[in-house]
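Protein chains in written order, with the numbering used here: chain A, 2 to 303; chain B, 2 to 303. Beta carbons: idealized from backbone N, C-alpha and C, even for Gly. Treat the numbers as computed from the prediction; the structure is a model and nothing was measured.
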């Protein structure tokens, strides 16, 4: 198999290894049952953004899966920073993973498995490329229902993505950039790797149900408060989505990204909205602020 | 990491390898998005049971995921038989997997990925051990909703198991053998790796919605017809489950297995029912019938 790896580095089973060498057993339940959780933090100009919040969520997710992470926070930070340093990346997408691991002799009981921790760094990825910011995202609103919270707790960041991948395939085949999924009541949920926000005359709002509690989503709340813009969580209907003054997506993979088209129709005047632009700017400014970010070197020097 | 592998053998990326050497890249979308499908066929006394039906479903699943399997049926059979032969197993659990694979440079578009085929054989596994047949399964009926068909097509055999794993953990912690999940309307669906059947005065029935179309489930239909027992698919309520004369589970991992207790309460008189026993017996008889099974050696000699 001809595998072309991005620039990057990984840590697995106690060792830093080249990305091409980072492999897991096919008997790991993280693969065979998607019994795993993960988190992704980014590095911008050599600084992790809101690293502790990502680690908090990761630790919470491992607890909810009844396999609390046994690694110390500082040790995990050193591993994440080590992956970025060894990959020689200034801007990076850094993933930490805990799988259920393997059980001796392949016994079915998840409690018999030994969890496995993995980390890797690759170049920073954009759901919407920087140079396409003014154009914005052209999304497909699908009829696919995001896996509901009654089945899988969405606050545990997880790899159950078949619904999202189906949405992506539908979107790409129609020429859209990405997809949005709905919930059981046909309210808006999220897309592959991003949360959604609407802006109308009353302020900014985002779905309150059936979505990942994204760190960039939380950041939008924090920044909106700094900017004195009213913001809240509430259900968003398809009508509200289509009639929004502004729409934007949030993700560690690209930050705050305007959505200018839904199913080919313009949102507002089809241009990047004022709130979206302001939030986007202040979001990137915070990356150099030591209250919001920490340098790789500072972590490695400890 | 101290990994204790079962006896077995695998095939991956064009080569037969020892089970301990069978690994996939952590960047394979089959892991990072659980974007994969699989099938499991069993070997009993050196013979595959209903191999073509499993391969048909596997090929169908790869098509539904828009990554139709490029491997020829006879080649796949030789690989599966080869895993069993090299593992020196008389009775085996044989899994075939296709993942979305890796995309060059980690680009998000699933269409850019090159699918990966994997196969492995391990010793035959039992959800209910042979020696516990008369005791039967003691299951926990949970309130967890199986991931609905509006999110993930259950006819594509998939690794989205977090709901099932949560059910298993709940069951094991309470001392039950396994769990049953419900659908959005609180009708019965399935458990971790098995379909469910009820028997009442009108015959045998099994859920028609939100479940894997199991090959052993299909086999029960075929056998019931041979035995002239009425059988049908229809919704099963919790009441119907609890008041059934007989209950049984079906899986490649153990065949036809009596369920004698739900939430600690006996089903019927708590003994293995007549229909369950008859189906179980004829099920195992068919394993030596060349209309239903094929020997490893015959496949390897072709």
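For residue 214 of chain B, the closest of B:55, B:182 and B:128 by C-alpha to C-alpha distance is B:55.
Residue pairing of residue 42 of chain B in beta bridges, as defined by DSSP: B:95. Residue 298 of chain A sits exposed, since fewer than 16 C-beta atoms from the chains shown fall within 10 Å of its C-beta.
Residue 105 of chain A has its alpha-carbon roughly 29 Å from the corresponding atom of residue 81 of chain A. Bounds of the beta strand (DSSP E) holding residue 258 of chain B are 256 to 263.
Membership of residue 293 of chain A in any beta strand (DSSP E) is not indicated, and neither H nor E is assigned to it by DSSP.
Distance from the CA atom of residue 195 of chain B to the CA atom of residue 251 of chain B, rounded to whole angstroms, is 5 Å. Just so you know, the alpha carbons of residue 20 of chain A and residue 189 of chain B end up roughly 44 Å apart. The three-state reading of DSSP puts residue 275 of chain A in helix, counting H, G and I together.
Relative to the Cα of residue 223 of chain B, the nearest Cα in the group B:289, B:51, B:47 and B:17 belongs to B:51. Rounded to the nearest angstrom, the gap between the Cα atoms of residue 264 of chain A and residue 248 of chain A is 13 Å. Per DSSP, the continuous alpha helix (DSSP H) segment holding residue 57 of chain A begins and ends at 52 to 65. Residue 230 of chain A places its beta carbon 8 Å or farther from that of residue 206 of chain A.
Fully contained in the stretch 133 to 191 of chain B are the following alpha helix (DSSP H) runs of length 4 or more, in chain order: 163 to 175. Contact annotation: in the stretch 90 to 117 of chain A, residues whose CB is within less than 9 Å of a CB in chain B are 94, 96, 98, 100, 101, 102, 103, 104, 105, 106, 107, 108, 109, 110, 111, 112, 115 and 117.
Residue burial is scored here from C-beta neighbours: residue 301 of chain A has fewer than 16 other C-beta atoms within 10 angstroms and is therefore classed as exposed. Considering only beta carbons, the part of the stretch 115 to 147 of chain A lying closer than 9 Å to chain B consists of 115, 117, 119, 121, 123, 124, 126, 128, 144, 145, 146 and 147, in chain order. Of B:49, B:152, B:210 and B:62, the smallest CA-CA separation from residue 289 of chain B is found for B:49. A distance below 7 Å between beta-carbons, with the five flanking residues on each side excluded, links residue 187 of chain A to the following residues of its chain, in chain order: 239.
Under the 8 Å criterion on CB atoms, residue 153 of chain B is classed as interfacial with respect to chain A.
Contact annotation for residue 24 of chain B against chain A: 24, 25, 26 and 27 [CB-CB distance below 7 Å, chain order]. For residue 138 of chain A, same chain residues with a beta-carbon under 8 Å away, outside a window of 5 residues either side, are 128, 129, 178, 179, 250, 258, 259, 260, 261 and 262 in chain order. For residue 11 of chain A, at least one C-beta of chain B is nearer than 8 Å to its own C-beta.
Note on residue 276 of chain B: 16 or more other CB atoms within 10 angstroms of its CB, so buried under the neighbour-count rule. Secondary-structure assignment with DSSP links residue 266 of chain B through a beta bridge to B:263.
The beta carbon of residue 142 of chain B lies closer than 6 Å to those of 181, 263 and 264 in the same chain, with the five residues before and after it left out. Within chain A, no C-beta atom comes less than 8 Å from the C-beta of residue 197 of chain B; the nearest is roughly 17 Å away. Cβ-Cβ distances below 8 Å link residue 29 of chain B to 100, 101, 102, 103 and 117 in the same chain, with the five nearest sequence neighbours on each side left out; the list follows chain order.
Secondary structure note for residue 199 of chain B: its beta strand (DSSP E) is the uninterrupted segment 196 to 201. In the structure shown, residue 32 of chain A adopts helical secondary structure according to DSSP, grouped into three states. Under the 8 Å Cβ criterion, the stretch 146 to 165 of chain A counts as touching the stretch 29 to 42 of chain B, having at least three qualifying pairs. Note on geometry: alpha-carbon atoms of residue 254 of chain A and residue 92 of chain A lie some 11 Å from one another.
In the displayed model, residue 248 of chain A falls within a strand according to three-state DSSP. Put simply, the backbone Cα of residue 204 of chain A is about 58 Å away from that of residue 74 of chain B. Identification of chain B residues near residue 163 of chain A by a Cβ-Cβ cut-off of 7 Å yields 35, 36, 153, 159 and 161, ordered along the chain. Only residues of its own chain outside the window of five on either side were considered, and among them 94 and 254 have a CB closer than 6 Å to the CB of residue 126 of chain B, listed in chain order.
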